[in-house]
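Trainee:
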Amino acid sequence: NAGVTQTPKFRVLKTGQSMTLLCAQDMNHEYMYWYRQDPGMGLRLIHYSVGEGTTAKGEVPDGYNVSRLKKQNFLLGLESAAPSQTSVYFCATSPTGGFYEQYFGPGTRLTVT
Amino acid sequence: GEDVEQSLFLSVREGDSSVINCTYTDSSSTYLYWYKQEPGAGLQLLTYIFSNMDMKQDQRLTVLLNKKDKHLSLRIADTQTGDSAIYFCAESPNTGFQKLVFGTGTRLLVSP
Chain B
1 NAGVTQTPKF RVLKTGQSMT LLCAQDMNHE YMYWYRQDPG MGLRLIHYSV GEGTTAKGEV
61 PDGYNVSRLK KQNFLLGLES AAPSQTSVYF CATSPTGGFY EQYFGPGTRL TVT
Chain Z
1001 GEDVEQSLFL SVREGDSSVI NCTYTDSSST YLYWYKQEPG AGLQLLTYIF SNMDMKQDQR
1061 LTVLLNKKDK HLSLRIADTQ TGDSAIYFCA ESPNTGFQKL VFGTGTRLLV SP
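These protein sequences, in sequence, are chains B and Z.
For what it's worth, my numbering labels the leading residue of the first sequence as 1, then goes sequentially.
For what it's worth, my numbering labels the leading residue of the second sequence as 1001, then goes sequentially.
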């Protein structure tokens, strides 16, 4: 089992360009999350999904859109990239239930110049 | 509001004990967690404690919880160079969906 995978691993964008980050999981988990990690700020939740066809805003959703058309995939889109979106992006999944262990992908390092 | 705070950096010598501290704000969290992030990787669950416990021991790891002061700590005994990583504490506020609020992370550097 691959667990949680993210594509791509690295990307450099120019300001104003768009891109989509893909998160794929083979654990049949209902919940999926997108975080960004910035130095000294920990992880901040961008968007999340509680099941196929559902999405919701997290703590820092502005400038990002998401889609969950299939249970196993969660896409994060940047329509018009800005330098402030330079960050490391992590996808995570979790099963339903009272214990909130989240399983993380390896991350995507994005630089916007 | 939800806020989890940690010191940013800790440096210890190999063989010493490390203590990483965390303060949280939401007393409704059923569990509190410690995650570990090794260089270039995502986070992995290291250990956790149920909110009605004061202490949990797991091999070299000891988690202490002071609910009155909303203070959580992680002690690593006999710290090794392989323990060098970023350690995040996280709370799980009762918001109606499964959400973790992470602290800023503490970078632990273990020198030989």
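Using N, Cα and C, we set each Cβ at its ideal position, and we do this for glycine too.
None of these values were measured; they are calculated from a predicted model.
Is the beta carbon of residue 1173 of chain Z sitting closer than 8 Å to the one on residue 1030 of chain Z?
Mentor: Since the displayed chain Z opens at 1001 and closes at 1112, residue 1173 of chain Z lies outside it and no answer follows.
Trainee: Taking residue 1045 of chain Z as the query, report the chain B residues whose CB atoms sit under 7 Å from its CB, ordered along the chain.
Mentor: Result: 101.
Trainee: Counting contacts by CB-CB distance shorter than 8 Å, is residue 106 of chain B in contact with chain Z?
Mentor: True, the Cβ-Cβ gap to chain Z drops below 8 Å.
Trainee: Quick one, are the C-beta atoms of residue 1110 of chain Z and residue 1038 of chain Z less than 8 Å apart?
Mentor: No, the Cβ-Cβ distance between residue 1110 of chain Z and residue 1038 of chain Z is not below 8 Å.
Trainee: Report all residues from its chain with a CB closer than 6 Å to the CB of residue 1071 of chain Z; omit the five preceding and five following residues, and keep chain order.
Mentor: For residue 1071 of chain Z, where only same-chain residues beyond five positions count, the Cβ hits under 6 Å are 1023.
Trainee: What residues of chain B sit near residue 1102 of chain Z, judged by a beta carbon separation below 7 Å?
Mentor: Near residue 1102 of chain Z (Cβ distances below 7 Å), the residues of chain B are 42 and 43.
Trainee: Can you look up residue 1083 of chain Z in the DSSP assignment and give me helix, strand or coil?
Mentor: Residue 1083 of chain Z: helix per DSSP, three-state reduction.
Trainee: Where does the unbroken beta strand (DSSP E) through residue 69 of chain B begin, and where does it stop?
Mentor: Careful: residue 69 of chain B lies outside any beta strand (DSSP E) and carries neither H nor E.
Trainee: In chain B, which residues lie less than 8 Å from residue 1065 of chain Z when you measure between Cβ atoms?
Mentor: Here the premise fails: no neighbours, minimum Cβ distance about 16 Å.
Trainee: Just checking: is the beta-carbon of residue 90 of chain B within a distance shorter than 8 Å of some beta-carbon in chain Z?
Mentor: Cβ-Cβ to chain Z under 8 Å: yes for residue 90 of chain B.
Trainee: Whose Cβ in chain Z lies nearer than 7 Å to the Cβ of residue 31 of chain B?
Mentor: In chain order: 1098.
Trainee: Among the residues of its own chain, which have a CB less than 8 Å from the CB of residue 56 of chain B, if the five just before and after it don't count?
Mentor: Excluding sequence neighbours, residue 56 of chain B sits near 47, 48, 49 and 50.
Trainee: At a Cβ threshold of 8 Å, is residue 1007 of chain Z touching chain B?
Mentor: Residue 1007 of chain Z does not count as touching chain B.
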